[in-house]
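Below: one structure, written as structure tokens.
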């Protein structure tokens, strides 16, 4: 399973000045010379300074200690840390994900948690001592999960014991993530059953905007202004909630869809 990771680029690539992409094993990979290390994360954070940071993760995990070090570097960052799981955040990568002030998971992604792995060589006394050491490792990992998720400790231990893969909805339910594919607010509605009229209207409008050449970010912004979600509406004065669609957003929509 890890063979394909050896063929990946060695460095995490920044999508923009405040984004760090972790698309590699965690820790130094002695076989390929790759791997994402705490040293690399520290350098990236120093370059970003006191600005908000987004960390995109697609990693099978790796070195537990490097994962914990990266987690603590992100926890020490003075501004907001947003984690975006792009493929999977497994093992040590799931530890890193817990550093996010906000954790987002795209559709089809996974978070995987399990007990620490390692190799013990020696006689039966060494084996028993090794098991005690690994008990400590597992407890430290569970501490991190518990602090972020608020789950019952025994429930966390059970997830780790059974090497659990969580999809976006399950991860949100368990507290390992906050939102599912937040760029498409209709996702949660469609998961509950066939899309309603409002969802279909949004999809058709977004498709028309895309055909008109409007970028994805601009489409999301226009639709968010035009069709306030319950969460957005709760922040508005009562009079504003009762006023109907945002006329300025409607005008922007018309301008975008009208040929020049």
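Residue numbers (the numbering used here): 1132 to 1391.
Ideal Cβ positions, reconstructed from N, Cα and C, are used throughout, including at glycine.
**Study point:** Chain-order list of residues whose beta-carbon lies under 6 angstroms from that of residue 1166 (same chain, five-residue window excluded)
**Key:** 1155, 1156, 1158, 1159, 1160
Check your understanding: With a CB to CB cut of under 7 angstroms and the five nearest residues on each side skipped, what residues in its chain are close to residue 1251?
Key -> 1257, 1258, 1261
Practice item. Tell me whether residue 1265 sits in a helix, a strand or coil according to DSSP, three-state version. Key: helix
Practice item. Give the DSSP bridge partners of residue 1295, in chain order. Key: 1244
**Study point:** Beta-ladder partner(s) of residue 1270, from DSSP
**Key:** In the DSSP output, where bridge partners are listed per residue, residue 1270 has none listed.
Check your understanding: Where does residue 1096 fall in DSSP's three states?
Key -> Beyond the ends of the chain as shown, which are 1132 and 1391, falls residue 1096; an answer cannot be given.
Exercise for review: Find out if the Cβ-Cβ distance for the pair residue 1273, residue 1287 is shorter than 7 angstroms.
Suggested key: yes
Practice item. For the stretch 1193-1258, list the alpha helix (DSSP H) runs that are entirely contained and at least 4 residues long, ordered along the chain. Key: 1195-1206, 1223-1228
Review point. Considering only the beta carbon of each residue, do residue 1223 and residue 1206 sit closer than 7 angstroms?
Key: no
Exercise for review: Let me know if residue 1294 comes out buried or exposed under the rule of 16 or more other beta-carbons within 10 Å of its beta-carbon.
Suggested key: exposed
Exercise for review: Mind checking who residue 1181 pairs with in its DSSP beta bridge?
Suggested key: Answer is none; residue 1181 lacks a bridge partner.
Practice item. Would you tell me roughly how many angstroms separate the C-alpha atoms of residue 1243 and residue 1193, rounded to the nearest one? Key: 12 angstroms
Check your understanding: Since residue 1152 is in the beta strand (DSSP E), which residue starts that stretch and which ends it?
Key -> 1150-1153
Review point. If we count the other Cβ atoms within 10 Å of its Cβ and call it buried at 16 or more, is residue 1346 buried or exposed?
Key: exposed
Practice item. Using DSSP bridges, identify the partner residues of residue 1311. Key: 1236
Check your understanding: For residue 1218, which of 1238, 1270, 1233, 1340 has the nearest alpha-carbon?
Key -> 1238
Practice item. Please check the pair residue 1269 and residue 1247, which I expect to be a contact at CB under 8 angstroms, by giving their CB distance rounded to whole angstroms. Key: 6 angstroms
Review point. Smallest Cα separation from residue 1265: which of 1204, 1344, 1292, 1181?
Key: 1292
Review point. Assuming residue 1186 and residue 1153 make a contact with CB atoms under 8 angstroms, what is their CB distance in whole Å?
Key: 6 angstroms
Exercise for review: Within its chain, find whatever has a CB closer than 6 angstroms to the CB of residue 1276; leave out the 5 residues flanking it on each side and keep chain order.
Suggested key: 1287
Exercise for review: For residue 1288, name the three-state secondary structure that DSSP assigns.
Suggested key: helix
Practice item. Could you name the residues of the same chain whose beta carbon sits closer than 7 angstroms to that of residue 1200, not counting the 5 residues immediately before and after it, in chain order? Key: 1169
**Study point:** Sequence-distant residues of the same chain with beta carbon closer than 6 angstroms to residue 1370, five excluded per side
**Key:** Since pLDDT at residue 1370 reaches only 44, below the 50 mark, its modelled position is unreliable, and the value read off the structure follows with that caveat. Cβ neighbours of residue 1370 beyond the five flanking positions: none.
**Study point:** residue 1253, buried or exposed, once every other Cβ within 10 Å from all chains shown has been counted against 16
**Key:** exposed
Review point. If you draw a straight line from the C-alpha of residue 1174 to the C-alpha of residue 1339, how long is it?
Key: 43 angstroms
Review point. Taking buried to mean at least 16 other C-beta atoms within 10 Å of its own C-beta, is residue 1228 buried or exposed?
Key: buried
Exercise for review: Using three-state DSSP, classify residue 1345 as helix, strand or coil.
Suggested key: coil
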